[in-house]
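Shown next, in structure tokens, is the structure this report addresses.
Numbering (full-length UniProt numbering), first residue to last: 1 to 942.
Laid out in structure tokens, this is it:
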């Protein structure tokens, strides 16, 4: 017998053994491979529910294909997370009154590396808690030496091929961080602001003006034009005329452009191409100037910087002294006051707008014209590519062709549309960041500003023909190094065995939010440098939300730490953990209240297996999930059910004849044949579910088979067979019990690794299974359809119907569970079923069966031509009272539903499926009421 189920005990024991024995490593033998790359989590991060969801799927696939004998490799790693990591270390320094500038670049980077060594492995340790069977011997860090060399090599080659260039472009600028950021690092936040309506006088007719509505009046200092729609009759006469730009004295033209929505606002739009992405495109079409009015801290410049669209500097001009040096929002306040004083502010209206903010700092993002490094998306390379069908295509074309040709498939397929929409409107990729932590751009400058891109300084000096070069201070966008992961982790540029075996990878498992930022760029880079696609399938899973469907947020108090679910945590420690380190400490009371509501007694111990099974059950294609603790509790109970069922089997088979001797006779009953046949169906269904990424179907199939078929039906029937059967029947029953259980454990292993390992070590030898040191290396069960016996299925269905009928009869008669009522039966039951009458009494809590007396007038059930009756002494008064109460309850529900259906227009206007549901419920209530009335009539007439 096994001890009580203790997840913590078995998890610690087995994971360390698996890792020490090297079970996670590929065998590197000839044959089919399976490989998957971990989307590298931030080195600053800790495990969250999205990780738990994502990693359950990846590990499930890895364990499944490993058991199928594939050369299996799951490659783990962490991302250096440039912005996030730099912020963490800068905050630590700030607590000591030190800035990174006080330390200097070299000393600051030493501090970052120190921090990374101290706490950078937290998330990979948590992955181990999740049971992730990744090949830790291949673990990488996107800033380690191998990756750094690969990044440099890729950058240099792209530059030499004409696909990397430096230019002045409009980018998302975070004034607090002092760097360009990607779209992924920008959050659009709905806010209540204002719409300022400003008069722009016509230059030669001061009495006439146009009114421009704007949410950012501070940017008017950089206006270069006012645009109107070419078909707007109100303004067509002004196109080509000059307007006086308020507060500046400059004049700007009126231009016509279809970008303007003539029906929105005043129909006049100020064009500020150096501070707005849409305006940038309008200005480009009309060849305007680009006027930058802010410095890199978003303060107003004393003199505007002016450029053309080639990025060439032109003659600047002075800005009003009153605004110089003011922060943009302080300048806004002053400018609005000045406009009002000069009679140029027509009106101010409340306005709801989406404000772009940096996800790390919360600062308002400013579109800013800066010099950055870019990767050209649409240009063809100047040679240097491996021979392949992708040769000669631009990076964008390669990424499109990989998907259009079917070499890369999205699952669910509808994500192809999202991918193509972005690819069809792709812009050049800004890859430089004004940070210190990251891959420093391998470019050097001489005193004249000439640039030399090289693998190291010596090579750059050789290219320049001189020394004294200065290296570019910018670092690369984190996504640049992440884009190389499919081949940078496999030994490229060398032609390694790993590169041959694991590229293309089998599948990428990821969320939809990084299709553009990571998935597309991996396809571009991998096809360009290897001539192969990075992976064959892209499985896009949904987002994990809270039980009410809200995004999980620390400040909202609805974040769930997967490790807390695994280990459990009492309420007070949980409250302390939830409120420690909040970005907004004032949110603490809200977080405490939300936590107490979610977990009034803290979080119970669920264990890893129950959490993983919960995640698997949610993993339908592409659907976001609302995490429900009740479901996790249910699967914790499922673990207990499996544990207890194993205990029962062990109690009945250990030290007994389990039919392992093939020469000993066996006698299979139809119940044995039925469970064996069901097992074949389940084996086939689960394999298909894994093959098609339907983890939800795999979980559902296994749950129903284990709980319903094996535990609730077969084990109960097996008890009777073992007690009453002949030796051959007993031997066969034991053999069937232990063999089916052993297969169940193998089928469950990819989702529930720990409990299955623990139980399998005991069960497998008893089942005569080919034993290995671990269930991980045991063979995946393969369905044998020839073992499905239809007659056994038919007989089992008939028996289940009979038992179900008796159970329903007990319910209708209100017979308490502890009352063993005599069971009477009459009819043409199959002879083989008659042998199961003892099982019927056991499974229905009835007394031994007898023949139904003739003329007996008592409640009966008819099932497949068989009449069934339970006879029990009834307290007439009590039963009458019970039935009257039930009749009243049914009538109230029926009246309510009848009124709803009779409501004028309801059946015509309500959705058809809801009407049908209500009508079906009404019919069911009427049927139940009729049965209760019949029982009351019998009592009154009896």
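Think of the CB as a built atom: it goes at the ideal place given N, C-alpha and C, for glycine as much as any other residue.
- Non-local C-beta neighbours of residue 531 in its own chain, meaning closer than 7 Å and more than five positions away in sequence, comprise 386, 387, 388, 390, ordered along the chain.
- Sixteen is the threshold: since fewer than 16 other Cβ atoms of the shown chains lie within 10 Å of the Cβ of residue 378, the residue is exposed.
- Per the coordinates, the alpha-carbon of residue 660 lies some 13 Å from the alpha-carbon of residue 763.
- The residue among 596, 637, 606 with its C-alpha nearest the C-alpha of residue 556 is 596.
- Residue environment for residue 270: buried (at least 16 other C-beta atoms within 10 angstroms of its C-beta).
- Beyond the five residues adjoining it in sequence on each side, residue 745 comes within less than 7 Å, by CB distance, of 756, 759, 760, 763, 775 in the same chain, given in chain order.
- Counting only runs of 4 or more residues that sit fully inside the region 456 to 484, the alpha helix (DSSP H) segments are 457 to 464, 478 to 482, in chain order.
- Selection 481, 351, 486 evaluated against residue 506 yields 486 as nearest (Cα-Cα).
- According to DSSP, residue 409 shares a beta bridge with 537.
- Secondary structure at residue 232: coil, using DSSP grouped into helix, strand and coil.
- Fully contained in the region 140 to 206 are the following alpha helix (DSSP H) runs of length 4 or more, in chain order: 145 to 160.
- In the DSSP assignment, residue 351 is bridged to 193.
- In the DSSP assignment, residue 366 falls within the beta strand (DSSP E) that extends over 366 to 375.
- Judged by beta-carbon spacing, residue 243 lies beyond the 8 Å limit of residue 181, meaning their Cβ atoms are not closer than that value.
- Proximity to residue 626 across 542, 678, 156 peaks at 542, based on C-alpha coordinates.
- Here residue 164 really is in contact with residue 158; their C-beta atoms are around 4 Å apart, less than 8 Å.
- Nearest C-alpha to residue 208 among 234, 225, 427: 234.
- Within the same chain, 729, 733 come within 6 Å of residue 721 by CB-CB distance, once the 5 residues on both sides are set aside.
- Bounds of the beta strand (DSSP E) holding residue 444 are 443 to 445.
- Annotation: residue 294 is outside any alpha helix (DSSP H); the continuous beta strand (DSSP E) that includes it extends over 290 to 294.
- DSSP, reduced to helix, strand and coil, places residue 627 outside both helices and strands of the structure shown, so it counts as coil.
- Contact between residue 423 and residue 520 holds: their C-beta atoms lie close to 7 Å from each other, under 8 Å.
- The Cβ atoms of residue 112 and residue 89 sit closer than 8 Å to each other.
- Going by DSSP, residue 34 is part of the beta strand (DSSP E) stretching over 33 to 37.
- Rounded to the nearest whole angstrom, the CA to CA distance from residue 2 to residue 640 is 12 Å.
- For the options 436, 72, 30, 638, the alpha carbon positioned closest to that of residue 87 is the one of 436.
- Closest option to residue 142, judged by alpha-carbon separation, among 899, 894, 75, 709: 75.
- With distances taken between CA atoms, residue 71 lies nearest to 23 out of 114, 23, 459.
- With the rule of 3 Cβ pairs closer than 8 Å, the region 361 to 369 does not count as touching the region 457 to 475.
- Per DSSP, the beta-bridge partners of residue 317 are 304.
- Shortest Cα-Cα distance from residue 890 to any of 901, 906, 877, 932 involves 932.
- Around the beta carbon of residue 683, a 10 Å sphere encloses 16 or more other beta carbons of the protein chains shown; the residue is thus reported as buried.
- Put simply, the region 23 to 33 touches the region 486 to 504. At least three CB pairs are less than 8 Å apart.
- Spatial neighbours of residue 455 in its own chain (CB-CB distance under 6 Å, excluding positions within 5 residues in sequence) are listed in chain order as 152, 156.
- Taking residue 179 as the centre and dropping the five residues before and after it, the same chain places the C-beta of 83, 173, 433, 434, 435 closer than 8 Å to its C-beta, in chain order.
- For residue 256, the enclosing beta strand (DSSP E) stretches over residues 251 to 256.
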